[in-house]
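Quick notes on the structure that follows.
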Amino acid sequence: GAVVSQHPSRVICKSGTSVKIECRSLDFQATTMFWYRQFPKQSLMLMATSNEGSKATYEQGVEKDKFLINHASLTLSTLTVTSAHPEDSSFYICSASPVLSGNQETQYFGPGTRLLVL
Amino acid sequence: TQLLEQSPQFLSIQEGENLTVYCNSSSVFSSLQWYRQEPGEGPVLLVTVVTGGEVKKLKRLTFQFGDARKDSSLHITAAQPGDTGLYLCAGAEYGNKLVFGAGTILRVKS
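Chains as they are written, first to last, in the numbering used here: chain C, 1 to 118; chain R, 1001 to 1110.
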């Protein structure tokens, strides 16, 4: 149980285009989903926290108009990288906190999405 | 803002050697989690420790939570090439979001 999927797993796009990444909790409902960014051989950097049906909370330094987050249901959150540029190339990972956990400490991570902007 | 200092950042050892990774903070955590991540994949939870002084064992891995719940360690006995990966600690303060350490890249050579 507690499986989180991400789609696509890898994406290559041209500079200036927008890319949407989906994060789904497959066998549980998630009150909160998190989006992280990870550079090679580095730790996870939290980008934003999204709660179902409300606006996402972005970490300091993360542009909300650049990284659009939608959390339309208890099992799906999307991250759209708008007008992507080469510096946006990175590994994006989502995680989900089960409704039943009652807190944000319990997070199940997706397999990540590798984004390469040419 | 909570900070979680993880050390060492990089470790290269021979198969069969032992190693310890440390995570330290000035903040008290309600729980602390250890993850292992392989290249191109998401982190996989190894263990969660919640009680001060708690020790958990997972085969050759031993996890310890400090008495004051501010620090933790991961000890691997007789490391194997399959243990190679990025090890991450993450702490949370009573229901809040996780704070990650910088990570430890472990390479075990055969």
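Beta carbons are placed, not taken as given, at the ideal position from N, Cα and C, and that holds for glycine.
- Around I93 of chain C, the beta-carbon contacts reaching into chain R at under 7 Å are G1042.
- Interface annotation, S1007 of chain R: not in contact with chain C, CB-CB separation never under 8 Å.
- Residue-level contact by beta carbon holds for F109 of chain C and chain R, with a gap shorter than 8 Å.
- Interface with chain R (8 Å Cβ-Cβ cutoff): Q42 of chain C is included.
- For the options R:Y1022, R:L1003, R:P1043, the alpha carbon positioned closest to that of L1011 of chain R is the one of R:Y1022.
- Taking a contact as a CB-CB distance under 8 Å, the pair A30 of chain C and V99 of chain C counts as one, their CB atoms being some 7 Å apart.
- Listed as beta-bridge partners of A1090 of chain R by DSSP are R:Q1033, R:F1100.
- For I1105 of chain R, the chain C residues whose Cβ falls inside 7 Å of its Cβ are K41, in order along the chain.
- E1038 of chain R and S1025 of chain R have their C-alpha atoms spaced approximately 25 Å apart.
- CA-to-CA, the gap between S1073 of chain R and G110 of chain C works out to about 25 Å.
- N1096 of chain R has a beta carbon lying within less than 8 Å of a beta carbon in chain C.
- In the assembly as shown, R10 of chain C is an exposed residue. Its beta-carbon has fewer than 16 other beta-carbons within 10 Å.
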